[in-house]
Amino acid sequence: MKQLLQTFDSKVITKKSVAIDSSDDSTSDEEFTNDESHIPVGDTEQSNDFNIGISRDLIEKDEIDIENQTEDDKLENLQDPFVKHLCYELSESLLNAVQSSPMLVDNHTLEWQQLGKLQVQIPKSLANDTTLVNNCGIIERKLYAAAGTIPLNVDEKFKLESTHIKLQLISNLPKANKNDTLNQSIPFSPLQMEIFSIINNYQDFYYPHRTYDNAEEIRFIYCLHIVNHILKTRTKVLHHNARLTKKDDVPEEFRDQGLVRPKVLVVVPFRDSAYKIISIIMELLITEDKGNVLNKNRFMEEFTGHEITMPKKNPKPEDYEKLFTGNTGDDFRIGITVTKKSLKLFANFYSSDIIIASPLGLRTIIGAEGESERDFDFMASIELLIMDQTEIFLMQNWDHIFHLFNHLHLQPKESHGTDFSRVRTWCLSGWSKYYRQTLIFSSIALPEINTIFNKKCFNYAGKVKSIKNVSLGSICQVFNQLPHVFQKFSADNVALSMDARFTFLVNKIVPQQREPLMKQTLIYVSNYFEFVKIRNYFKREDISFVQVCEYSKEGKVARARDMFFHGDAHFLLYTERFHFFNRVKVKGIRHLVFYQPPTFPHFYYEMCNLMQEANMNPKIGSNSNMTVTVLYSKYDHNQLSEIVGTERALKMIQSERNVHMLVTDGK
Numbered sequence: 001m002k003q004l005l006q007t008f009d010s011k012v013i014t015k016k017s018v019a020i021d022s023s024d025d026s027t028s029d030e031e032f033t034n035d036e037s038h039i040p041v042g043d044t045e046q047s048n049d050f051n052i053g054i055s056r057d058l059i060e061k062d063e064i065d066i067e068n069q070t071e072d073d074k075l076e077n078l079q080d081p082f083v084k085h086l087c088y089e090l091s092e093s094l095l096n097a098v099q100s101s102p103m104l105v106d107n108h109t110l111e112w113q114q115l116g117k118l119q120v121q122i123p124k125s126l127a128n129d130t131t132l133v134n135n136c137g138i139i140e141r142k143l144y145a146a147a148g149t150i151p152l153n154v155d156e157k158f159k160l161e162s163t164h165i166k167l168q169l170i171s172n173l174p175k176a177n178k179n180d181t182l183n184q185s186i187p188f189s190p191l192q193m194e195i196f197s198i199i200n201n202y203q204d205f206y207y208p209h210r211t212y213d214n215a216e217e218i219r220f221i222y223c224l225h226i227v228n229h230i231l232k233t234r235t236k237v238l239h240h241n242a243r244l245t246k247k248d249d250v251p252e253e254f255r256d257q258g259l260v261r262p263k264v265l266v267v268v269p270f271r272d273s274a275y276k277i278i279s280i281i282m283e284l285l286i287t288e289d290k291g292n293v294l295n296k297n298r299f300m301e302e303f304t305g306h307e308i309t310m311p312k313k314n315p316k317p318e319d320y321e322k323l324f325t326g327n328t329g330d331d332f333r334i335g336i337t338v339t340k341k342s343l344k345l346f347a348n349f350y351s352s353d354i355i356i357a358s359p360l361g362l363r364t365i366i367g368a369e370g371e372s373e374r375d376f377d378f379m380a381s382i383e384l385l386i387m388d389q390t391e392i393f394l395m396q397n398w399d400h401i402f403h404l405f406n407h408l409h410l411q412p413k414e415s416h417g418t419d420f421s422r423v424r425t426w427c428l429s430g431w432s433k434y435y436r437q438t439l440i441f442s443s444i445a446l447p448e449i450n451t452i453f454n455k456k457c458f459n460y461a462g463k464v465k466s467i468k469n470v471s472l473g474s475i476c477q478v479f480n481q482l483p484h485v486f487q488k489f490s491a492d493n494v495a496l497s498m499d500a501r502f503t504f505l506v507n508k509i510v511p512q513q514r515e516p517l518m519k520q521t522l523i524y525v526s527n528y529f530e531f532v533k534i535r536n537y538f539k540r541e542d543i544s545f546v547q548v549c550e551y552s553k554e555g556k557v558a559r560a561r562d563m564f565f566h567g568d569a570h571f572l573l574y575t576e577r578f579h580f581f582n583r584v585k586v587k588g589i590r591h592l593v594f595y596q597p598p599t600f601p602h603f604y605y606e607m608c609n610l611m612q613e614a615n616m617n618p619k620i621g622s623n624s625n626m627t628v629t630v631l632y633s634k635y636d637h638n639q640l641s642e643i644v645g646t647e648r649a650l651k652m653i654q655s656e657r658n659v660h661m662l663v664t665d666g667k
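Those letters in the sequence shown? Residues 1 to 667, by UniProt numbering.
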């Protein structure tokens, strides 16, 4: 802590109260659409009156008198999860537990009706959460943060008031939560009730069961959590501001802020996703007769429209049309300032409470080592991190996600107008990552996401993971009569599995597939770097092949598909990422080799179902000679489970046999 304070010693600014700007809140959207707000970082002209986290141009003039004394009293309630999680330091015992590698935890298993099987990890605290300290000769009892607890499932008889949701939000819930499965007495669906009972407990949560049917339920409940968190923070700051006007110094209990203002970071893949999130926040916060949204016109212009035109001839699959609806731009970021009844969109990052961005949008700001213009100070005090549609990030660039986590909670290079007398002690101590809550939502369970959740999330309150058990698997949706041969190879660890897989392909699979009877073999590769490795090998060995990847030009794709269909090329190398963004119907596939189980389970049956008579060249091969081959190892358990089911996948991995064949009957 001393080192951090010394770093900023010449820049420390102390304030006892917030200055109220006399600007008119009724200013039109157009007056706020300037170039400076479009680049939301590095604002060097920011007034020091921002230092306690309240926007001068949005705060209502009568709010300095404190919004509501009842609301303030509630924030002093020690049972409020917000207070319990953020307002106390970690005891030495609990700190040692979360700093250990691996983390010292107690494991629990729960079974809930909507979320299914839950795996719960709670860091161990071996000591009491109080201690006696000597303060100038006076013995005082110091209260520490309590260790996390096993989440309790709420029942239908619970009262909204017991959830500690702000009263302002409770009144807006029925209007904002547009869901057909809502309980008549409670404005939550059963799924929302169970999710909220976990995330309102400020525990990390990973839910790999996101679907197009429950997507809006999930999005609404985490938006409610975001706004509730921001409003509570703001109420506490205002409450302390008013009390500090009567004091000459800042007591320890008035530390209520981070090193920088942004508290919530939401990472989503497309502009349309951000549009839906901000729309929900508007409905939760802004009523029809009260409230104001600044820069709304610009927001509508930049985050709507530009939709992909879906072809009427050879239509795309239904899931493709749902995924790529709305504005699919993937390079964006937007800062949002929140007050009681107002939102300012496109706020400077260091004046923002919430930041919503894509992985690419964040990467262009964070930059790389050696670049002169880069900024990541705005992520120093993130208290709530949400990643939605996380599986899509693998199709964009997963390295951006690792880059993001590697730049969270780093020591800021500048002070950004921070009043260090108001900064929480655990922020100054560099413990912010132990207080950060991380919520991850995806449609599939993947090892890359598991790695983030297991290795990059350190919440002292614990973490909850929903376990995905697949009963049948996507192979049941293959309607062609085909033999599916699953071939297992061995590897000592994940890193070595990449080379082991390639060696297995080269030594076992390619020699078999090069036989004349195995013509028109498509090799489906999930990873682009593996695709390049195989392509280079084929070139060296002078093997007849064509290629289609995400970087192939449209003309070359058409030529490759034509050559493959007419038998002018023996192999077609085909990447999953190309298929994800294009979903073309490749014709002429008689033999299909999955270099690894596909990331998206529906791609398995989608590719297999292309192997039908209508798509074949009758001059080449026989319909009775068609095969599907899948390479897998024990590290492909998640993807394999999605294809053949969890129970069968476990048997195939543990079996001493290395070859397993399943046959789809075409019915």
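For glycine and all other residues, C-beta sits at the position ideal for the given N, C-alpha and C.
query, result
"Determine, using beta-carbon pairs with one atom in the segment 430–441 and one in the segment 450–470, whether at least three such pairs fall under 8 Å.", "yes"
"What residues match up with Ser409 in a beta bridge as DSSP calls it?", "Looking at the sequence shown, residue 409 is not Ser but His. DSSP output for His409 lists no bridge partner at all."
"Three or more C-beta pairs closer than 8 Å, one from the segment 405–425 and one from the segment 303–320: is that the case here?", "no"
"Starting from Asn592, follow the beta strand (DSSP E) in both directions and report where the run begins and ends.", "As written in the sequence, residue 592 is Leu, which differs from the Asn given in the question. Run containing Leu592: His591 to Phe594, per the beta strand (DSSP E) assignment."
"Go ahead and pull the three-state DSSP assignment for His637.", "helix"
"Phe529: buried (16+ other C-beta within 10 angstroms of its C-beta) or exposed?", "exposed"
"Looking only at C-alpha atoms, which of Lys455, Tyr632 and Asn454 sits nearest to Asp499?", "Tyr632"
"Taking only runs that begin and end inside the segment 304–345, name each unbroken beta strand (DSSP E) of 3 or more residues, in chain order.", "333–338 and 342–345"
"Considering Val423, what are the terminal residues of the beta strand (DSSP E) in which it resides?", "Looking at the DSSP string, Val423 is not in any beta strand (DSSP E), and its letter there is neither H nor E."
"Can you confirm whether the segment 257–268 touches the segment 307–327 when touching is taken to mean that 3 or more C-beta pairs between the two stretches lie within less than 8 Å?", "no"
"Nearest CA to the CA of Lys465: which residue from Phe441, Gln477 and Tyr222?", "Phe441"
"Between which two residues does the alpha helix (DSSP H) containing Met282 stretch?", "Arg271 to Leu285"
"To the nearest angstrom, report how far apart Phe376 and Ile366 are at their CA atoms.", "5 Å"
"Can you find the residues in the same chain that come closer than 6 Å, C-beta to C-beta, to Ile221, ignoring five residues on each side of it along the sequence?", "Gln192, Ile195 and Phe196"
"What does a CB cutoff of less than 7 Å around His209 pick up in its chain, not counting 5 residues either side in sequence?", "Ser466 and Lys468"
"For the pair the segment 593–606 and the segment 623–642, tell me if three or more CB-CB distances fall below 8 Å.", "yes"
"Expressed to the nearest angstrom, what Euclidean distance is found between the alpha-carbon atoms of Gly53 and Ser351?", "Here the model assigns Gly53 a pLDDT of 40, short of 50, so the residue's position is not dependable, and the following value carries that caveat. For Gly53 and Ser351, the distance between alpha carbons rounds to 7 Å."
"Tell whether a beta-carbon distance below 9 Å holds between Ala380 and Pro412.", "yes"
"Where Pro511 and Met518 are concerned, what is the direct C-alpha to C-alpha distance, given to the nearest angstrom?", "10 Å"
"Taking the alpha helix (DSSP H) that Leu360 belongs to, which residues open and close that run?", "Pro359 to Ile366"
"Could you tell me the distance, in whole angstroms, from the CA atom of Pro359 to the CA atom of Asn397?", "8 Å"
"Distance check for Ile449 and Ala649, CA to CA, integer angstroms please.", "19 Å"
"Going by CA-CA distance only, name the one from Pro174, Ile198 and Leu90 that's closest to Leu143.", "Leu90"
"Alpha carbon to alpha carbon, what distance is there between Ile122 and Asn615?", "54 Å"
"What does the Cβ neighbour count give for Tyr212, buried or exposed, with the cut at 16 atoms within 10 Å?", "exposed"
"Whole angstroms are fine: how far does the CA of Ile653 sit from the CA of Asn638?", "11 Å"
"Using three-state DSSP, classify Glu111 as helix, strand or coil.", "strand"
"For Asn623 and Leu482, I'd like the C-alpha separation in whole angstroms.", "10 Å"
"For Met661, I'd like the list of residues in its chain whose CB is within less than 7 Å of its CB, leaving aside the five on either flank, ordered along the chain.", "Pro483, His484 and Val485"
"Which stretch, first to last residue, makes up the beta strand (DSSP E) that contains Asn292?", "Asn292 to Leu294"
"On a CA-only basis, which of Arg333, Thr235 and Phe254 is nearest Ile277? Give me that one, please.", "Arg333"
"For Glu63, which residues of its own chain have a beta-carbon under 6 Å away from its beta-carbon, when the five flanking residues on both sides are left out?", "Any answer about Glu63 is weak, because its pLDDT of 46 lies below 50 and its placement is not dependable; what the coordinates show is given next. Once the five neighbours on either side are set aside, Glu63 has no close Cβ partner at all."
"Which one of Lys455, Gly329, Ser372 and Met300 has the shortest CA to CA distance from Gly361?", "Gly329"
"How big is the Cα-Cα spacing for residue 672 and Gln203?", "Given a span of 1 to 667 for the chain in the structure shown, any question on residue 672 remains unanswerable."
"Which residue or residues does DSSP assign as beta-bridge partners of Leu439?", "Phe205 and Ile386"
"For Ser466, write down the residues that DSSP places opposite it in a beta bridge.", "Leu118"
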